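Using this note's numbering, the first residue of the sequence shown is number -11, and each one after it goes up by one.
By construction, the Cβ of each residue, glycine as well, lies at the ideal position given by its N, Cα and C atoms.
These numbers were taken from a predicted model, which means no experiment stands behind them.
Below is one structure, written out as structure tokens; the observations come after it.
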Amino acid sequence: MTRPERPHALVTGGGSGIGLAVARALAEGGARLSLVGRDAAKIASAAKAIGDACPISADVTDEAAIHAAFEAARATHGPIDILISNAGAAPSAPFRDTDLTLWNATLAVNLTGAFLCARAALPHMLQSKWGRIVNVASVAGLKGYAYVSAYCAAKHGLVGLTRALAQETAKHGVTVNAVCPGYVETEIVTESIARLTRKTTLDETTARASLVAFNPQGRMISAREVAAMIAWLCGEDAAAINGAAIPITGGEI
Ligand code: NAD
């Protein structure tokens, strides 16, 4: 099968940051969009900004809510051809303060959420012999960072899930890939900078500079740059890219 003319793309965490930029890029390429996120108001305003997008409020860690969200998406735009598992959160804490609650919550949103969404989307993709799954991992899925052990473990897990699932879908026209950005100018990074200024002696400019310093290009990456790579992975030209974990880092890794 080839790519449907107007594929149905479902983006989790589609109300802000990378998710919203991806939704825009896919819509520009002709896709019909469903946006899933926890914050109903944010999702509704993002869907309105895109135009013909279906806003769905759901928590990706809740299996029943994800089942209902995919049903609602299918009722609006038909079966899902493209899944972008982007919802995530990056709480930070030294390992000694990383308790089981923080650990479980971080794995739930960054790893289990993508697992639940892939399970919900895959049957139709396998049946129609065409599909694209892109998991938004992180450079923290490819190397270690201090003070985010749960996030690093979750994103490494997401890269592992991507690589394993790609082997299972390879003969069925479905590709499964991960993108692994460095620091991207979004709310997650704004929160990280605020946390650094609260917990250290750094002021905002120095805290920002300490994050930018990870990127050899000496800058934050834009959500648009990440979205452009994801949109390309969802196209016909990327049919041979499968099981990849693509760094978008300015050379950090
Ligand atoms: P963001 O905070 O703008 O986006 C995260 C989105 O996920 C938000 O819209 C939030 O409402 C949604 N979300 C969080 N928990 C959810 C849940 N349980 N159910 C449903 N939706 C939920 O930040 P972003 O930077 O755009 O993050 C998007 C993805 O990119 C995340 O997976 C993040 O880990 C990853 N990432 C971000 C950076 C960065 O520097 N910004 C770098 C690498 C990877």
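Determine, using beta carbons only, whether residue i and residue j come nearer to each other than 9 Å.
{"i": "Asn123", "j": "Leu95", "result": "no"}
{"i": "Ala75", "j": "Gly25", "result": "yes"}
{"i": "Arg107", "j": "Gly231", "result": "no"}
{"i": "Ala197", "j": "Thr185", "result": "no"}
{"i": "Lys117", "j": "Val164", "result": "no"}
{"i": "Ala34", "j": "Ala219", "result": "no"}
{"i": "Ala211", "j": "Val147", "result": "no"}
{"i": "Lys143", "j": "Leu90", "result": "no"}
{"i": "Leu153", "j": "Ile181", "result": "no"}
{"i": "Thr64", "j": "Gly119", "result": "no"}
{"i": "Glu179", "j": "Ser4", "result": "no"}
{"i": "Ile72", "j": "Leu(-2)", "result": "yes"}
{"i": "Ala61", "j": "Tyr135", "result": "no"}
{"i": "Glu213", "j": "Ile229", "result": "no"}
{"i": "Asp265", "j": "Pro(-8)", "result": "With the chain represented from -11 up to 241, any question about residue 265 goes unanswered, as that position is not in the structure."}
{"i": "Phe83", "j": "Ser137", "result": "yes"}
Quick one: give me the first and last residue of the beta strand (DSSP E) that residue i is part of.
{"i": "Ile72", "result": "70 to 73"}
{"i": "Thr123", "result": "It should be pointed out that residue 123 corresponds to Asn in this sequence rather than to Thr. From DSSP, the beta strand (DSSP E) with Asn123 extends over 119 to 124."}
{"i": "Glu241", "result": "Just to set this straight, residue 241 is Ile in the shown sequence, not Glu. Neither: Ile241 is in no beta strand (DSSP E) and is coded neither H nor E."}
{"i": "Val162", "result": "162 to 169"}
{"i": "Arg151", "result": "Where Arg151 is concerned, there is no enclosing beta strand (DSSP E), although the alpha helix (DSSP H) it sits in stretches over 137 to 157."}
{"i": "Ile44", "result": "42 to 45"}
{"i": "Val244", "result": "For residue 244 there is no data in the structure shown, the boundaries of the chain being -11 and 241."}
{"i": "Thr0", "result": "-4 to 0"}
{"i": "Val24", "result": "20 to 25"}
Are there 16 or more other CB atoms within 10 angstroms of the CB of residue i, so buried, or fewer, so exposed?
{"i": "Ile241", "result": "exposed"}
{"i": "Ala215", "result": "buried"}
{"i": "Arg207", "result": "exposed"}
{"i": "Phe103", "result": "buried"}
{"i": "Gly239", "result": "exposed"}
{"i": "Thr0", "result": "buried"}
{"i": "Ala86", "result": "According to the sequence as given, residue 86 is Thr; it is not Ala. Burial call: buried."}
{"i": "Lys159", "result": "exposed"}
{"i": "Arg20", "result": "buried"}
{"i": "His113", "result": "At residue 113 the sequence reads Met, which differs from the His that was named. It counts as buried."}
{"i": "Leu88", "result": "exposed"}
Provide the residue span of the alpha helix (DSSP H) that contains residue i, from first to last.
{"i": "Thr64", "result": "51 to 65"}
{"i": "Thr193", "result": "192 to 200"}
{"i": "Gly7", "result": "5 to 16"}
{"i": "Pro111", "result": "101 to 116"}
{"i": "Leu95", "result": "88 to 95"}
{"i": "Ala32", "result": "28 to 38"}
{"i": "Glu175", "result": "175 to 187"}
Practice prompt. Report yes or no: do the region 16 to 30 and the region 45 to 58 share at least 3 C-beta pairs separated by less than 8 Å?
Written response: yes
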